[in-house]
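Let me begin by presenting the structure, written as structure tokens, before commenting on it.
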Amino acid sequence: MSHTGSDEQPLNRILDWVRVTSVLILLIHVYYYCQQSFVEWRLTSPVTDRILDSLIKAGLFISFHRSKWLALLLLTVSCMGGKGRKMERLQLKTPLVLLAAGLLVYFASCGILYLSFSAAFTTVVYGLLTFGGFILILTGESYLSRILRHRLRGDIFNCRNESFPQEERRLNNEESVNLPYSYELDGVQRRGWINIRTMRHLLLIGSPGSGKSWYIIQNVIRQQIEKGYAMFVFDFKYNDLTKIAYNAFLRHRRAYPSTAGFYVISFDDLDHSHRCNPLHISGMTDIADAGEAARSFLLGLNMSWIDKQGDFWSESAITFKTALIWYLRRYKDGLYCTMPHVMQLLQVEYGKLFSILQTEPQIKNYISSFVSAYKDDAMDTLNSQLSTLKISVARLSSPTLYYIMSGNDFTLDLNNPKAPKICCIGSSPQRSGIYGAVISLYAATINRLVNKKGGVKCSEVIDEFSSFYAHRINETMATSRSNKVGVTIAIQDVNQVQVNYGKSQADVILNIPANIICGQVGGESARFVSEKIGKNVQSRTSIQTNQHDVSFSQSEHLDAAMPASRIAKLSAGEFVGVVADDPETPIEYKAFHGKIIQDNNLLNKQQAAETELPVIRKVSQKDVDDNYLRICAEVDKLVEDELTRMLNTPELVSLVIVKN
Numbered sequence: 032m033s034h035t036g037s038d039e040q041p042l043n044r045i046l047d048w049v050r051v052t053s054v055l056i057l058l059i060h061v062y063y064y065c066q067q068s069f070v071e072w073r074l075t076s077p078v079t080d081r082i083l084d085s086l087i088k089a090g091l092f093i094s095f096h097r098s099k100w101l102a103l104l105l106l107t108v109s110c111m112g113g114k115g116r117k118m119e120r121l122q123l124k125t126p127l128v129l130l131a132a133g134l135l136v137y138f139a140s141c142g143i144l145y146l147s148f149s150a151a152f153t154t155v156v157y158g159l160l161t162f163g164g165f166i167l168i169l170t171g172e173s174y175l176s177r178i179l180r181h182r183l184r185g186d187i188f189n190c191r192n193e194s195f196p197q198e199e200r201r202l203n204n205e206e207s208v209n210l211p212y213s214y215e216l217d218g219v220q221r222r223g224w225i226n227i228r229t230m231r232h233l234l235l236i237g238s239p240g241s242g243k244s245w246y247i248i249q250n251v252i253r254q255q256i257e258k259g260y261a262m263f264v265f266d267f268k269y270n271d272l273t274k275i276a277y278n279a280f281l282r283h284r285r286a287y288p289s290t291a292g293f294y295v296i297s298f299d300d301l302d303h304s305h306r307c308n309p310l311h312i313s314g315m316t317d318i319a320d321a322g323e324a325a326r327s328f329l330l331g332l333n334m335s336w337i338d339k340q341g342d343f344w345s346e347s348a349i350t351f352k353t354a355l356i357w358y359l360r361r362y363k364d365g366l367y368c369t370m371p372h373v374m375q376l377l378q379v380e381y382g383k384l385f386s387i388l389q390t391e392p393q394i395k396n397y398i399s400s401f402v403s404a405y406k407d408d409a410m411d412t413l414n415s416q417l418s419t420l421k422i423s424v425a426r427l428s429s430p431t432l433y434y435i436m437s438g439n440d441f442t443l444d445l446n447n448p449k450a451p452k453i454c455c456i457g458s459s460p461q462r463s464g465i466y467g468a469v470i471s472l473y474a475a476t477i478n479r480l481v482n483k484k485g486g487v488k489c490s491e492v493i494d495e496f497s498s499f500y501a502h503r504i505n506e507t508m509a510t511s512r513s514n515k516v517g518v519t520i521a522i523q524d525v526n527q528v529q530v531n532y533g534k535s536q537a538d539v540i541l542n543i544p545a546n547i548i549c550g551q552v553g554g555e556s557a558r559f560v561s562e563k564i565g566k567n568v569q570s571r572t573s574i575q576t577n578q579h580d581v582s583f584s585q586s587e588h589l590d591a592a593m594p595a596s597r598i599a600k601l602s603a604g605e606f607v608g609v610v611a612d613d614p615e616t617p618i619e620y621k622a623f624h625g626k627i628i629q630d631n632n633l634l635n636k637q638q639a640a641e642t643e644l645p646v647i648r649k650v651s652q653k654d655v656d657d658n659y660l661r662i663c664a665e666v667d668k669l670v671e672d673e674l675t676r677m678l679n680t681p682e683l684v685s686l687v688i689v690k691n
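Under this note's numbering, the residues of the sequence shown are numbered 32 to 691, in order.
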């Protein structure tokens with residue numbers, strides 16, 4: 032604090048007198064212990080002798096160093112009360128060295144008195160050393176008063192101000208994932224727990240290498256399997272997460288009923304993959320289900336259509352795809368209701384295809400515009416409507432995809448209480464564009480089937496969420512909590528979601544999860560998370576210095592508890608975010624910032640010793656090719672049989688389209 036001139040002047044006079052008194056006491060000390068020399072120099076007088084006698088009676092010279100200690104004490108008092116001109120760059124080392132040297136010379140000077148020199152020489156040297164040490168001490172203490180005690184540069188990144196109290200309890204229940212971590216509060220390292228309520232969904236954000244999978248996703252999978260969750264895991268870099276889930280399932284097999292199963296879908300590793308038909312008749316009970324399947328498949332295949340939903344051309348393709356799916360679902364009770372059969376049926380010549388489709392009353396309205404265009408010979412319009420569909424689907428006419436999607440090893444009702452399942456779907460960074468549509472279809476079917484009442488608790492863990500289109504995932508997250516379904520989605524940047532899903536839908540997806548965990552990330556993602564964490568009360572100190580004084584002012588204000596700039600500088604394994612609570616276990620401190628506690632060496636050893644995925648069946652290229660040819664033959668036979676039936680049935684023969 033600053034003082035007025037009227038306050039300082041009396042104080043300075045008192046301090047000056049205290050310092051003068053300390054010098055006088057030191058002079059009297061030298062005069063007393065070197066009195067012989069002063070007698071020889073004829074520097075004594077009766078007045079000084081009487082003063083000296085009074086001081087002797089007062090006990091000032093009971094011991095040799097008593098008077099020196101008193102002089103030093105008065106000097107220290109005078110320096111403590113004074114304020115030197117502040118020097119911001121002055122380091123503490125300088126005054127400490129001066130003080131140490133001064134004290135050494137000041138007290139060690141008495142050694143000269145025990146040497147065999149003349150009295151005059153001894154007095155001069157002793158006096159010079161004593162006062163030299165005294166001056167060094169005075170200089171050191173005055174420098175101490177010049178040092179700024181409040182240094183703003185001690186916390187140049189404002190880390191201490193941005194620390195805040197965090198949850199230290201482990202709040203464990205059936206729907207929680209609990210992660211131990213360490214955090215800093217007011218410069219002290221403490222330990223806490225990140226308590227994630229997975230039924231309120233989790234959004235995980237982090238750039239590559241930030242530790243999303245290693246520190247978070249792996250723990251989510253292990254802890255949820257330990258608690259008996261049915262689960263869908265999207266393994267973008269197959270088989271990293273699949274292997275973790277499989278070994279966790281083996282360790283905690285008792286948490287599941289005997290009918291539970293572990294299933295893998297991999298398009299690159301057929302020996303370790305099950306076969307699954309996403310259009311299985313058990314999950315296809317209404318034409319609306321066929322419409323959802325068609326939409327998810329085609330939007331996953333052409334993600335640019337997401338922003339064009341309602342557009343004439345994209346809706347034409349989706350409508351026609353719906354008609355094909357529902358036709359196969361109705362034909363012989365779904366005997367050929369698989370996506371490979373649908374894709375193969377699409378390649379049939381228009382006249383034959385439209386003829387057999389007209390036999391199904393429920394899809395007449397779906398195909399009427401296409402049939403009319405064909406009959407009116409408006410082939411340009413018809414080709415414009417269907418060519419994009421045919422070209423896109425042709426990219427997926429792969430024998431491998433046909434093989435996987437035409438089998439029925441299991442169904443996608445993962446949370447079926449009678450037979451809960453863990454399903455891992457693998458992908459590949461090199462082929463994500465090809466597999467994306469198929470994975471979108473699987474994910475959409477899973478979302479539709481698990482989001483129903485009566486199922487066991489279920490979790491969806493989707494790594495690299497933006498690599499495929501998860502149709503209606505926002506609706507699943509918005510309505511699935513009551514059905515005991517929790518969704519965990521991991522992304523690298525919010526812009527990825529906005530590019531693939533469109534800004535409006537991306538905003539909904541990003542804002543529904545109540546739990547948000549973020550590793551190192553920058554830009555809009557960092558600002559998004561910073562706003563979610565919110566603000567806290569921070570103190571701000573300012574210092575003003577002049578030639579004689581320094582003044583401090585301190586204020587409190589609300590500022591970002593975790594600025595975007597700090598999120599951009601997080602280390603691997605260090606995360607920030609907010610968690611949700613529930614009425615039974617409220618959490619006062621929902622925001623967190625710390626480093627996940629994990630023994631990485633032990634975890635690496637455990638993973639190296641884990642069991643490999645089992646071989647489901649040995650699959651040869653011949654098996655794959657034979658399956659492909661069989662599907663092509665079945666579609667050809669279906670078309671020929673149906674046309675024959677129509678020609679032999681009077682009420683259907685009129686539906687056969689014959690162009691001149």
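Cβ atoms here follow ideal geometry from the backbone N, Cα and C, with glycine treated the same way.
Since the model is a prediction, treat every value here as computed from it, not as a measurement.
- Under DSSP, Asp266 takes part in a beta bridge, and its partners are Gly457.
- Collapsing the DSSP output to three states places Cys489 in a strand.
- Judged by their CB atoms, Gly486 and Lys452 are not nearer to each other than the 9 Å cut-off.
- The Cβ atoms of Asp317 and Gly533 lie no closer than 9 Å to each other.
- Residue nearest to Arg201 within the set Ile225, Pro681, Ser213 is Ile225 (criterion: CA-CA distance).
- If you draw a straight line from the Cα of Ala595 to the Cα of Asp538, it is about 19 Å long.
- Between the region 394-404 and the region 350-359 there are three or more inter-stretch CB-CB distances shorter than 8 Å, so the stretches are counted as touching.
- If you draw a straight line from the Cα of Lys124 to the Cα of Asn43, it is about 27 Å long.
- Spanning the alpha carbons of Val295 and Phe559 requires a straight line of approximately 35 Å.
- Close CB contacts of Tyr287 within its chain, under the 7 Å cut and outside five residues either way in sequence, are with Gly259, Pro451 (chain order).
- Ranked by Cα distance from Met370, the first of Ser176, Leu329, Ala409, Gln461 is Leu329.
- Here DSSP, grouped into helix, strand and coil, assigns Lys668 to helix.
- Segment contact: the region 248-259 against the region 198-212, three or more CB-CB distances shorter than 8 Å; contact assigned.
- Collapsing the DSSP output to three states places Arg200 in coil.
- Restricting attention to Ile59, Leu445, Thr154, the CA atom closest to the CA of Glu71 is found in Thr154.
- Annotated three-state conformation of Leu233 is strand, per DSSP.
- Cβ atoms of Tyr620 and Gln220 stay farther apart than 8 Å, at about 17 Å.
- For Arg282, the closest of Asp657, Gln637, Asp667, Glu671 by C-alpha to C-alpha distance is Gln637.
- Contact between Pro460 and Phe267 holds, since their C-beta atoms are separated by about 7 Å, short of 8 Å.
- When the alpha-carbon of Thr412 is set against those of Ala557, Val670, Ser400, the nearest one is in Ser400.
- When the beta-carbon positions are compared, Val469 and Val666 stay at least 9 Å from each other.
- When secondary structure is reduced to three states using DSSP, Asn308 falls in the coil class, being assigned neither helix nor strand.
- Under the three-state reduction of DSSP output, Gln585 falls in the strand class.
- Counting other Cβ atoms within 10 Å of its Cβ, Thr616 stays below 16 and is therefore classed as exposed.
- In the structure shown, the three-state DSSP call for Tyr473 is helix.
- Per DSSP, Ala286 lies in no beta strand (DSSP E) and is assigned neither H nor E.
- By the neighbour-count definition (other C-beta atoms within 10 Å, threshold 16), Glu257 is an exposed residue.
- By the criterion of a C-beta distance shorter than 7 Å, Val49 is surrounded in its chain by Leu105, Val108, Ser109, once the five residues flanking it on both sides are discounted.
- By the C-beta density criterion, Gly240 is exposed, having fewer than 16 other C-beta atoms within 10 angstroms.
- Closest option to Val481, judged by alpha-carbon separation, among Ser471, Arg512, Met111, Gly457: Arg512.
- Close CB contacts of Lys421 within its chain, under the 8 Å cut and outside five residues either way in sequence, are with Leu377, Gln378 (chain order).
- The straight-line gap separating the alpha-carbon atoms of Ile456 and Ser490 is approximately 14 Å.
- Collapsing the DSSP output to three states places Leu123 in coil.
- With contacts defined as CB atoms closer than 9 Å, Ala475 and Arg231 fail to qualify as a contacting pair.
- For the set Arg597, Ser651, Cys65, Tyr434, the Cα lying nearest the Cα of Leu159 is the one of Cys65.
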